[in-house]
Amino acid sequence: MIRRIAQTLASMPLLLTASGQAFAELRFNLQDPQTIIAHEIYDLHIVIMGICTLIFIVVFGAMLWAIIKHRKAAGHRAEQFHENTTVEILWTVIPFLILVGMAYPSTKTLLIMRDTAGADMTIKATGYQWKWRYDYLEDDVSFYSSLATPRDQIQNQAPKGENYLLEVDNPVVVPVGKRVRVLTTANDVIHSWWVPAFGVKQDAIPGFVRDAWFRVDTPGTYRGQCAELCGKEHGFMPIVVEAVSEDKYKEWVAQQKAKKTQASTAAAADVNKTYTLDELKAQGEKVYAKTCVACHQANGQGMPPTFPALAGGKIATGPLAAHLEIVVNGSKKNPAMVAWKNQLSDLEIASVVTYERNSFGNKTGDLVQPKDVAALRK
Amino acid sequence: MEAAHGHEHDHDHAYHPGGIMRWVTTTNHKDIGTMYLWFSFTMFLTGGLMALTIRAELFSPGLQIVQPELFNQLVTMHGLIMVFGAIMPGFVGFANWQIPLMIGAPDMAFARMNNWSFWLLPPAAILLVGSFLVPGGATAAGWTLYAPLSVQMGPGMDMAIFALHIMGASSIMGSINIITTILNMRAPGMSLMRMPLFAWGWLITAYLLIAVMPVLAGAVTMVLTDRHLDTHFFNPAGGGDPVMFQHIFWFFGHPEVYIMILPAFGIVSQIIPAFSRKPLFGYSSMVYAMSSIAILSFIVWAHHMFTVGMPAAGLLFFMYATMLIAVPTGVKVFNWVSTMWKGALSFEAPMLFAVGFIFLFTVGGFSGLVLAIYPIDVQAQDTYYVVAHFHYVLVSGALFAMFGGTYFWIPKWTGHMYDEKLAKWHFWLSFIFFNIAFFVQHFLGLAGMPRRVPDYALQFTDFNRVSTIGAFGFGLSQLLFLYIVLKCIRGGPKAADKPWEGAEGLEWTLPSPPPYHSFETPPVVK
Chain A
1 MIRRIAQTLA SMPLLLTASG QAFAELRFNL QDPQTIIAHE IYDLHIVIMG
51 ICTLIFIVVF GAMLWAIIKH RKAAGHRAEQ FHENTTVEIL WTVIPFLILV
101 GMAYPSTKTL LIMRDTAGAD MTIKATGYQW KWRYDYLEDD VSFYSSLATP
151 RDQIQNQAPK GENYLLEVDN PVVVPVGKRV RVLTTANDVI HSWWVPAFGV
201 KQDAIPGFVR DAWFRVDTPG TYRGQCAELC GKEHGFMPIV VEAVSEDKYK
251 EWVAQQKAKK TQASTAAAAD VNKTYTLDEL KAQGEKVYAK TCVACHQANG
301 QGMPPTFPAL AGGKIATGPL AAHLEIVVNG SKKNPAMVAW KNQLSDLEIA
351 SVVTYERNSF GNKTGDLVQP KDVAALRK
Chain B
1001 MEAAHGHEHD HDHAYHPGGI MRWVTTTNHK DIGTMYLWFS FTMFLTGGLM
1051 ALTIRAELFS PGLQIVQPEL FNQLVTMHGL IMVFGAIMPG FVGFANWQIP
1101 LMIGAPDMAF ARMNNWSFWL LPPAAILLVG SFLVPGGATA AGWTLYAPLS
1151 VQMGPGMDMA IFALHIMGAS SIMGSINIIT TILNMRAPGM SLMRMPLFAW
1201 GWLITAYLLI AVMPVLAGAV TMVLTDRHLD THFFNPAGGG DPVMFQHIFW
1251 FFGHPEVYIM ILPAFGIVSQ IIPAFSRKPL FGYSSMVYAM SSIAILSFIV
1301 WAHHMFTVGM PAAGLLFFMY ATMLIAVPTG VKVFNWVSTM WKGALSFEAP
1351 MLFAVGFIFL FTVGGFSGLV LAIYPIDVQA QDTYYVVAHF HYVLVSGALF
1401 AMFGGTYFWI PKWTGHMYDE KLAKWHFWLS FIFFNIAFFV QHFLGLAGMP
1451 RRVPDYALQF TDFNRVSTIG AFGFGLSQLL FLYIVLKCIR GGPKAADKPW
1501 EGAEGLEWTL PSPPPYHSFE TPPVVK
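Residue numbers (my numbering), protein chains in the order written: chain A, 1 to 378; chain B, 1001 to 1526.
Below is the structure:
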């Protein structure tokens, strides 16, 4: 590790010149606002910063004057005054009045932000370690949304794309000009749903439902991130919202529904089918790479004690029923292991358990069929 | 600081062991103060190494030096170690050395308890640092230890909880000692309103500590029982409430930030008049300002939780109450500037750090006011803007005050003058690199970079590089401080009883270094 720090340090001057060209796009202020709330916040911030700057100039102007003119080295003799009631009352009252002046526009904006009534549509955003699930309450659309940036970009094995860390597989799609209410909650730990361009940041808390709202008028793609430390992959669960025209939105909803029907027909067919070990392993490897790898690691070694090893571990080599139970219903002892029955299909659970019991050097030979999982759900 | 003892053995009735046992068994406020200060500096370097590892990782996008799980552990431990290991014990060290000297007492009121409150700290530090070695590593839940994330952690979390219990007990004992000393052992004639402001700052701080450390202990104990005894204080599935942890934590946490700044206010209020050669402006309003800040600190905690989701009325209350803190804080800054106004200023190292404190603490104060405004806080909460804000008040605030205080009083402590030229270098290097490291973080936060992330989107690269360079410069500059202090302990020009022309106070009536029992007969304050 020390060698790597040294390498990084050594390359600092070089990297700095290389990034010189990029300085043109440095951003010193909030992102360009896209909603009424974000606009209000942007303007409020400018006003408050302006007032602070003025006070700063007055106070430190006086201090600078004293530093230059009232130095002992400049021959200044100290006066001995040490109080002045009038001045002291003035500099208590005037700041108070300035604060009242700041409180007025802040209160106005606050009330706009907290008024979540009159929504045209409602989307429930649920935080998971480490992805988001979205449920469109009126349109009956649901999906998970996770980081789309490939791992090799993060590990510096491939050049980083334009939207590095701010891209997802399934973005949230909303129609422009509609008042959207976002309900936030979480499944495991606290997350926070944040889209800077909307001026919306709402914590997602397990067991509670909170809300916020936005209305975007310009079509486009807006990117944000989880803003509350939620564990190891906290920096890797972005939020992407696509604002599209009303028509395109309807089209998208129709597509999502078609996909859902397709998936459930396929799942129904899967349940009764019997698969071979190789089929299940191949399918399970894909599910594992998408769902399990962040905690249990690609080599199945996990990160004990929170994320136990599957390779040679008690669960993946012990009784099959207990293994299946913990994947389907989650762990009662370790809240990091959630119930996957809500996120994965019968086939996905069956295949991933089969994969885990027959990989990383585990050779149980056990086979789980989708119908075994379906039975456990009842 | 060897020179601080030993001269008085001939008429001293107590036996003093030498070598290591002197430090283990000492009940002397100066020895204990010295140990607190060295402990604090050691923790400062430990936490600083973690900070530099964090900054090195953030020099470029992508994961280079540490993986996310270790990164989160480092972020968490950096916070816990700096707050509970460096800043708080550092100020207790100042209190131990200075309060008896400044109020004309022979020692602290409870000398044996003083020994114990110090010796509780090393085991706590070992628990914290040692937790990196247990399975799963140190806790990675952030220094705020939010449940339910903290319930998920490995045994490192339990070690952190026990460390907090121990450090809390140490703080409470230290506070009882300080309060008792100040209220009962002042020299005849020193009424409370004639007491040095450093003693005032600590008196108020000690009450805050006694009020809130048990609250923190309660919060982490509930996490502990949730983790091991199947209670469900914070588990919604069992009828618990994750948000309750945050309410309890920040009811401790907000007074805690004033615990870390009121002693700094005290130190700065001693230094500014000394080098302005002019009495402190508005002494009584300084006392009232510190008291109002302490009282307000109990009713503003939920501004740390503006994005948790609260009714508008609650948000308005906490926003207004938080904004009010700007009034007494402003009074203090105005008073310091007025003290300098028409004085006869000179800029030795203590004064440089004190002026640097006022300047940069005010920057942090303004960003604090910006964060108090709920709508802006919603954008800035949990971003680098907040990171910039609290480093402006804690590093260029609390830490700069401790540097200034060290240079101010080290001639008294060691009997030697420090190297003024090097100390000025230390100030300017710290000042410049600090701003390089942290000013740009305001921009990062506003532009949307969350805090506590090991990796970031490409548009944040440039400012992160600048910040990392500043952080390394700042960190390395502190080795110069270590060198200056060691050099001063080993020798240097003999310090006069009162090495600073404009300094006032009882500590300057004693020889440098002062006798083993500071004041054997109480001085009379006219």
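Ideal placement from N, C-alpha and C gives every residue a C-beta, glycine not left out.
- Listed by position along chain B, the residues whose Cβ is nearer than 7 Å to that of A:Pro-196 are Gln-1379 and Gly-1448.
- B:His-1254 and B:Phe-1298 have their C-alpha atoms roughly 7 Å apart.
- Look at A:Ala-258: its C-beta is not under 7 Å from any C-beta on chain B.
- For B:Val-1440, no beta strand (DSSP E) encloses it; the enclosing alpha helix (DSSP H) starts and ends at 1420 to 1447.
- The beta carbon of B:Val-1129 sits no closer than 7 Å to any beta carbon of chain A.
- For B:Leu-1280, the closest C-alpha among the options B:Pro-1242, B:Thr-1231, B:Val-1331 and B:Phe-1233 is that of B:Val-1331.
- Annotation: the continuous beta strand (DSSP E) that includes A:Ile-123 extends over 121 to 128.
- Taking a Cβ-Cβ threshold of 7 Å, the residues of chain B close to A:Ser-106 are Met-1319, Ile-1373, Tyr-1374 and Pro-1375, in chain order.
- Taking all protein chains shown into account, B:Lys-1030 has 16 or more neighbouring C-beta atoms within 10 Å of its C-beta and is therefore buried.
- At a C-beta separation below 7 Å, A:Glu-88 has these neighbours in chain B: Gly-1282 and Ser-1285.
- Boundaries of the alpha helix (DSSP H) around A:Pro-105: 85 to 114.
- Under the Cβ distance rule, B:Met-1082 does not count among the residues neighbouring chain A, no pair being separated by less than 7 Å.
- Contacts with chain B (Cβ-Cβ distance below 8 Å) from the stretch 360 to 378 of chain A involve no residue at all.
- Closest by C-alpha distance to B:Phe-1353, out of B:His-1426, B:Pro-1328 and B:Leu-1149, is B:His-1426.
- The three-state reading of DSSP puts A:Thr-35 in coil, since its state is none of H, G, I, E or B.
- Interface criterion not met: the Cβ of A:Asp-120 is under 7 Å from no Cβ in chain B.
- It is roughly 21 Å from the alpha-carbon of A:Pro-206 to the alpha-carbon of B:Arg-1451.
- One Cα belongs to B:Ala-1289, the other to A:Lys-333, and the distance between them is close to 50 Å.
- For B:Lys-1487, the closest Cβ of chain A is not nearer than 7 Å.
- The beta carbons of B:Ala-1163 and B:Thr-1139 sit no closer together than 7 Å.
- Per the C-alpha coordinates, the member of B:Leu-1394, B:Pro-1273 and B:Ala-1344 positioned closest to B:Ile-1261 is B:Leu-1394.
- For B:Val-1134, the closest C-alpha among the options B:Leu-1149, B:Phe-1118 and B:Met-1153 is that of B:Met-1153.
- Using a Cβ-Cβ cut-off of 7 Å, B:Glu-1520 does not count as an interface residue toward chain A, since no Cβ of chain A sits closer than that to its own.
- When DSSP reads this structure, A:Tyr-136 sits in a beta bridge with A:Ile-123 and A:Val-141.
- No Cβ-Cβ contact shorter than 7 Å links B:Gly-1201 with B:Phe-1251.
- Per DSSP, the beta bridge partners of A:Gly-220 are A:Ala-243.
- Between the C-alpha atoms of A:Asn-156 and A:Glu-167 there is a straight-line separation of about 17 Å.
- At least one CB of chain B lies nearer than 7 Å to the CB of A:Cys-52.
- Look at the stretch 215 to 231 of chain A: the residues with a C-beta under 9 Å from a C-beta of chain B are Arg-223, Gly-224, Gln-225, Cys-226, Ala-227, Glu-228, Leu-229, Cys-230 and Gly-231.
- Under the three-state reduction of DSSP, B:His-1016 is assigned to coil, being neither helix nor strand.
- B:Ala-1105 is positioned such that its CB atom lies no closer than 7 Å to that of B:Phe-1245.
- With a threshold of 7 Å between beta carbons, A:Val-240 makes no contact with chain B.
- Boundaries around B:Ala-1313 are those of the alpha helix (DSSP H), 1312 to 1324, since no beta strand (DSSP E) includes it.
- In the DSSP annotation of this structure, A:Gln-202 is not part of any alpha helix (DSSP H); the continuous beta strand (DSSP E) holding it starts and ends at 200 to 204.
- Chain-order list of chain B residues neighbouring A:Ile-41: Pro-1375, Ile-1376, Val-1378 and Gln-1379, by C-beta distance under 8 Å.
- Rounded to whole angstroms, the Cβ separation of B:Phe-1439 and B:Asp-1377 is 20 Å, and the two are not in contact under 8 Å.
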